[in-house]
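Peer 1:
There are 2 protein chains.
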Amino acid sequence: MRLLVVEDEPQLRRELVALFERHGYLVDADETVFDAVEHGMSMAYDCIVLDYMLPDGDGIEALTQLREAGCPTPILMLTVKNDPKDRVFGLNKGADDYLGKPFHPDELLARVGALVRRTPSLSDEEVLTHGKATLRTKSRSLEYEGRTLELTSKEFALMEALMRHKHQLMTRDQLIAKVWGPDAEVADSALDTYIYFLRRKCANIGWKNAIVTVRGRGYALQPEGE
Amino acid sequence: MRLLVVEDEPQLRRELVALFERHGYLVDADETVFDAVEHGMSMAYDCIVLDYMLPDGDGIEALTQLREAGCPTPILMLTVKNDPKDRVFGLNKGADDYLGKPFHPDELLARVGALVRRTPSLSDEEVLTHGKATLRTKSRSLEYEGRTLELTSKEFALMEALMRHKHQLMTRDQLIAKVWGPDAEVADSALDTYIYFLRRKCANIGWKNAIVTVRGRGYALQPEGE
DNA sequence: CTTCGACAACCAACAGCCTCATGGCGTTCC
DNA sequence: GGAACGCCATGAGGCTGTTGGTTGTCGAAG
Numbered sequence: 351m352r353l354l355v356v357e358d359e360p361q362l363r364r365e366l367v368a369l370f371e372r373h374g375y376l377v378d379a380d381e382t383v384f385d386a387v388e389h390g391m392s393m394a395y396d397c398i399v400l401d402y403m404l405p406d407g408d409g410i411e412a413l414t415q416l417r418e419a420g421c422p423t424p425i426l427m428l429t430v431k432n433d434p435k436d437r438v439f440g441l442n443k444g445a446d447d448y449l450g451k452p453f454h455p456d457e458l459l460a461r462v463g464a465l466v467r468r469t470p471s472l473s474d475e476e477v478l479t480h481g482k483a484t485l486r487t488k489s490r491s492l493e494y495e496g497r498t499l500e501l502t503s504k505e506f507a508l509m510e511a512l513m514r515h516k517h518q519l520m521t522r523d524q525l526i527a528k529v530w531g532p533d534a535e536v537a538d539s540a541l542d543t544y545i546y547f548l549r550r551k552c553a554n555i556g557w558k559n560a561i562v563t564v565r566g567r568g569y570a571l572q573p574e575g576e
Numbered sequence: 351m352r353l354l355v356v357e358d359e360p361q362l363r364r365e366l367v368a369l370f371e372r373h374g375y376l377v378d379a380d381e382t383v384f385d386a387v388e389h390g391m392s393m394a395y396d397c398i399v400l401d402y403m404l405p406d407g408d409g410i411e412a413l414t415q416l417r418e419a420g421c422p423t424p425i426l427m428l429t430v431k432n433d434p435k436d437r438v439f440g441l442n443k444g445a446d447d448y449l450g451k452p453f454h455p456d457e458l459l460a461r462v463g464a465l466v467r468r469t470p471s472l473s474d475e476e477v478l479t480h481g482k483a484t485l486r487t488k489s490r491s492l493e494y495e496g497r498t499l500e501l502t503s504k505e506f507a508l509m510e511a512l513m514r515h516k517h518q519l520m521t522r523d524q525l526i527a528k529v530w531g532p533d534a535e536v537a538d539s540a541l542d543t544y545i546y547f548l549r550r551k552c553a554n555i556g557w558k559n560a561i562v563t564v565r566g567r568g569y570a571l572q573p574e575g576e
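From first to last, the protein sequence lines are chains A and B. When we follow my numbering, the leftmost residue of the first sequence carries the number 351, and every step to the right adds one. When we follow my numbering, the leftmost residue of the second sequence carries the number 351, and every step to the right adds one.
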């Protein structure tokens, strides 16, 4: 999880970097608007923490430039300018959160965490598990007792829907909505096919009876991952 | 843009509903944890504003239930419990933002706006334009002087990258990173092919010379949409 | 000025995969 | 038995990305 901290005051910058690094982030630091825009555009960061006062301009300027250039990275403004008016201004200019100084370190961490959690990151691989089975969202791969295979995008979407609702029965309509979108127009049997594909692939790596049919209702994962 | 407001105090609830409706949101309101979870799971909302104190439990409970059930909707907690400790707790439980009472209406609007802006909504169709050309993100369609065609997912991703950086030159590496992801392993010539596809499709609907080549540098959209 | 080589870009063609519809078959329930 | 439901094989069609040949551009040498 990579973070860009933009803060010109050396003492605070060191503290911020140390704080985030203690919590497992990879942190880069900049001091100027120019560098911030340059590095922020690289798309390599999961979040940018941006101070308001910088030697070559203010943070809003960096914010504006990044957003106009299409930078999608979530940005948290961190500043002493902390009137509601300032907050509204920053948020409307494209900031995702706005925290006034002085701040509580835990709150900063929690807010950055919320932003990072919300943003589908390319660097963090979400992992869903169910018994012995593991589904990796980044590589779209499924592992069972050490054996691995890759899923196609529809297969993956279907398995993801089942895994995110383990212990629940999913109706055909619910599954179709999840995999093909809420207003999809596919034949009902397309779901049959992908259930079939998934079962075959799962069986190939030793996961027998991965998906159980509840006749007339829908499908669910095997209650025990075993 | 649809909002769910969960607040049991009638006076404040009315004010919140009125506030958001004045700013163009479609607002539903609930008073209980039970209803909030029920309605929140419908996936129909772009954001949920959740009060802490509710008659049948606290907001954290609703939050937890929604998140455990896989609800992806951004949630803003709105509460009188406003110690840093409370904020950290709420954020770590899955809230996306946390605003203490009393709050400034504009700030609430700005924060909800930031959440909604960040979340890819199914209800709002983003539209990018460049001169006479219009790219609709929802339908992945491209329109030029009234004539429309549909793009495949790669074609769309490429056109989107170009449109989001109009007036800029995009290098081959930048485009490949945008279309295939930052660490893609595709041959350079794949980009050639899709540039070719796009140009052909654009020409079909009358958009001549849509994409200009800058030899040795990269590609850009035709400076004037015309 | 012309020629040549290197290189970038363009484009056609193709193979492989993903997606999904069709339709036959088996199973379950009334 | 028959109807409804689910399972599975097959195949068409679209999307993707590679290969390889052609064209165009630039710079250096003749």
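Just so you know, even glycine gets a beta-carbon here, dropped at the ideal spot from N, CA and C.
#1: Suppose contacts are defined by Cβ-Cβ distances below 7 Å. Is B:M427 in contact with B:L400 by that definition?
#2: Taking only beta-carbon positions, decide if A:V438 is within less than 7 Å of chain B.
#3: Nearest by alpha-carbon distance to A:Y375: which of A:P360, A:E381 and A:Y395 is it?
#4: Determine the extent of the alpha helix (DSSP H) in which B:L541 is found, giving its start and end residues.
#5: Note down, one range per segment and in chain order, each beta strand (DSSP E) of at least 3 residues found wholly within the region 355-433 of chain B.
#6: So the candidates are B:P360, B:K528, B:V383 and B:F547; which of them puts its Cα closest to the Cα of B:E500?
#7: For A:A445, collect the residues of the same chain with a Cβ closer than 8 Å to its Cβ; drop the 5 residues on either side in sequence, then sort them by chain order.
#8: Taking 7 Å as the CB-CB limit, is A:G420 close to chain B?
#9: Flag A:E510 as yes if its beta-carbon sits less than 7 Å from any beta-carbon of chain B, otherwise no.
#10: Return the residue from the list B:W557, B:T469, B:P422 and B:V355 that minimises the CA-CA distance to A:P422.
#11: Output the distance between the C-alpha atoms of A:M520 and A:E365, rounded to the nearest integer angstrom.
#12: Go to A:E493, then tell me how far its beta strand (DSSP E) extends in each direction, as first and last residue.
#13: With 16 as the cutoff for other CB atoms within 10 Å, does A:L353 come out buried or exposed?
#14: Between A:A464 and chain B, is there a C-beta pair that is closer than 7 Å?
#15: At a cut of 8 Å, does the region 367-374 of chain B reach the region 506-524 of chain A through at least three beta carbon pairs?
#16: Using a cut-off of 8 Å between C-beta atoms, extract the partners of B:L441 located in chain A.
#17: Can you find the residues in the same chain that come closer than 6 Å, C-beta to C-beta, to A:C552, ignoring five residues on each side of it along the sequence?
#18: Of the choices B:I526, B:V466, B:R550 and B:E411, whose alpha-carbon is the least far from that of B:T382?
#19: What does DSSP give as the partner residues of B:G463 in its beta bridges?
#20: List, in order along the chain, the chain A residues whose C-beta lies closer than 7 Å to that of B:D446?
#21: Since A:H373 meets chain B, which of its residues come closer than 8 Å, beta carbon to beta carbon?
#22: Determine the direct distance from the alpha carbon of B:S489 to that of B:L472, and round the result to whole angstroms.
#23: Does the beta-carbon of A:D538 have 16 or more other beta-carbons within 10 angstroms, so that it is buried, or is it exposed?
#24: Does B:H454 have its Cβ less than 7 Å from a Cβ in chain A?
#25: Please state if the CB of A:C397 and the CB of A:V462 are separated by a distance shorter than 7 Å.
#26: Rank A:D523, A:H454, A:T487 and A:G531 by C-alpha distance to the C-alpha of A:F506 and give the top, closest one.
#27: Who does B:H480 pair with in a DSSP beta bridge?
#28: Helix, strand or coil: which one does DSSP assign to B:L472?
#29: Helix, strand or coil, according to DSSP, for B:L519 in the structure here?
#30: Of all Cβ atoms in chain A, is any one closer than 7 Å to the Cβ of B:P434?
#31: Beta-carbon of B:R522 versus every beta-carbon of chain A: anything under 7 Å?
#32: Taking B:L508 as the reference, give the member of B:H517, B:V477, B:Y448 and B:A570 with the closest Cα.
#33: Is B:R514 close to chain A? Criterion is C-beta to C-beta, closer than 7 Å.
#34: How about A:N559: is its C-beta nearer than 7 Å to some C-beta of chain B?
Peer 2: Short version:
#1: In the second sequence, the residue the question calls residue 427 of chain B occupies position 77. In the second sequence, the residue the question calls residue 400 of chain B occupies position 50. Taking 7 Å as the Cβ cut-off, B:M427 and B:L400 qualify as a contacting pair.
#2: For the purposes of this step, residue 438 of chain A is taken as the residue at position 88 of the first sequence. Closer than 7 Å to some Cβ of chain B, the Cβ of A:V438 qualifies, so yes.
#3: Taking the first residue of the first sequence as 1, we reach residue 375 of chain A at position 25. The residue with the shortest Cα to Cα distance from A:Y375 is A:Y395.
#4: Within the second sequence, numbered from 1, the residue matching residue 541 of chain B stands at position 191. Looking at the DSSP string, the run of the alpha helix (DSSP H) that includes B:L541 is S539 to N554.
#5: 376-380, 397-401 and 425-429
#6: Residue 500 of chain B sits at position 150 when you count from the first residue of the second sequence. Of the candidates B:P360, B:K528, B:V383 and B:F547, the one whose C-alpha sits nearest the C-alpha of B:E500 is B:F547.
#7: As a position in the first sequence, residue 445 of chain A is number 95, starting the count at 1. Once the five neighbours on either side are set aside, the close Cβ partners of A:A445 are L400, L413, I425, L426 and M427.
#8: Residue mapping note: residue 420 of chain A aligns to position 70 of the first sequence, counting from 1. So yes, A:G420 belongs to the interface.
#9: Against the first sequence, residue 510 of chain A aligns to sequence position 160. Not closer than 7 Å to any Cβ of chain B, the Cβ of A:E510 fails to qualify, so no.
#10: Numbered from its first residue, the first sequence carries residue 422 of chain A at position 72. The shortest C-alpha separation from A:P422 is found at B:T469.
#11: On the first sequence, residue 520 of chain A is found 170 positions in, with the first residue counted as 1. On the first sequence, residue 365 of chain A is found 15 positions in, with the first residue counted as 1. In a straight line, the C-alpha of A:M520 is about 48 Å away from that of A:E365.
#12: On the first sequence, position 143 is the one that residue 493 of chain A refers to. Per DSSP, A:E493 belongs to the beta strand (DSSP E) from S491 to Y494.
#13: Residue 353 of chain A sits at position 3 when you count from the first residue of the first sequence. So A:L353 ends up on the buried side.
#14: For this step, residue 464 of chain A is matched to residue 114 along the first sequence. Yes, because at least one Cβ of chain B sits closer than 7 Å to the Cβ of A:A464.
#15: Cβ pair count under 8 Å is below three, so no.
#16: Along the second sequence, read from residue 1 onward, the residue named residue 441 of chain B stands at position 91. The contacting residues are E457, A460, R461, G463 and A464.
#17: As a position in the first sequence, residue 552 of chain A is number 202, starting the count at 1. Once the five neighbours on either side are set aside, the close Cβ partners of A:C552 are A560.
#18: One-based indexing of the second sequence puts residue 382 of chain B at position 32. Taking only the C-alpha atoms, the option nearest B:T382 is B:E411.
#19: Position 113 of the second sequence, counted from the first residue, corresponds to residue 463 of chain B. The partner list for B:G463 (beta bridge, DSSP) is empty, contrary to what the question assumes.
#20: Walking along the second sequence from the start, residue 446 of chain B turns up at place 96. Contact of B:D446 with chain A by beta-carbon distance below 7 Å involves A464 and R468.
#21: The residue labelled residue 373 of chain A in the question sits at position 23 within the first sequence. Within 8 Å Cβ-Cβ: nothing; A:H373 doesn't reach chain B, min ~12 Å.
#22: Position 122 of the second sequence, counted from the start, is the residue given in the question as residue 472 of chain B. Position 139 of the second sequence, counted from the start, is the residue given in the question as residue 489 of chain B. Residue placement at B:L472 is flagged as unreliable, the pLDDT there being 47, under the threshold of 50; a coordinate-derived value is accordingly withheld.
#23: Walking along the first sequence from the start, residue 538 of chain A turns up at place 188. When all chains shown are included, A:D538 counts as exposed.
#24: What you label residue 454 of chain B is simply residue 104 of the second sequence in a count that begins at 1. True, the Cβ-Cβ gap to chain A drops below 7 Å.
#25: Position 112 of the first sequence, counted from the first residue, corresponds to residue 462 of chain A. Position 47 of the first sequence, counted from the first residue, corresponds to residue 397 of chain A. Cβ distance < 7 Å, so A:V462 and A:C397 count as in contact.
#26: Along the first sequence, one-based indexing puts residue 506 of chain A at 156. Ranked by Cα distance from A:F506, the first of A:D523, A:H454, A:T487 and A:G531 is A:T487.
#27: Reading the second sequence from its first residue, position 130 is the one you call residue 480 of chain B. The partner list for B:H480 (beta bridge, DSSP) reads B:A483.
#28: If you number the second sequence from 1, residue 472 of chain B lands on position 122. Residue confidence is low: B:L472 scores 47 on pLDDT, short of 50, so the model does not pin down where it sits. Its coordinate-derived value is still stated next. In this structure, B:L472 counts as coil in the three-state DSSP scheme.
#29: Sequence index remark: in the second sequence, residue 519 of chain B carries index 169 (1-based). Of the three classes helix, strand and coil, the one that applies to B:L519 here is coil, per DSSP.
#30: As a position in the second sequence, residue 434 of chain B is number 84, starting the count at 1. Answer yes: the Cβ-Cβ gap between B:P434 and chain A drops below 7 Å somewhere.
#31: The residue labelled residue 522 of chain B in the question sits at position 172 within the second sequence. Chain A contact via Cβ: absent.
#32: For the purposes of this step, residue 508 of chain B is taken as residue 158 along the second sequence, with counting starting at 1. With respect to the C-alpha of B:L508, the residue from B:H517, B:V477, B:Y448 and B:A570 having the closest C-alpha is B:A570.
#33: As a first step, residue 514 of chain B must be located in the second sequence, where it is residue number 164. So, interface residue.
#34: Here residue 559 of chain A refers to the residue found at position 209 of the first sequence. Answer no: the Cβ-Cβ gap between A:N559 and chain B never drops below 7 Å.
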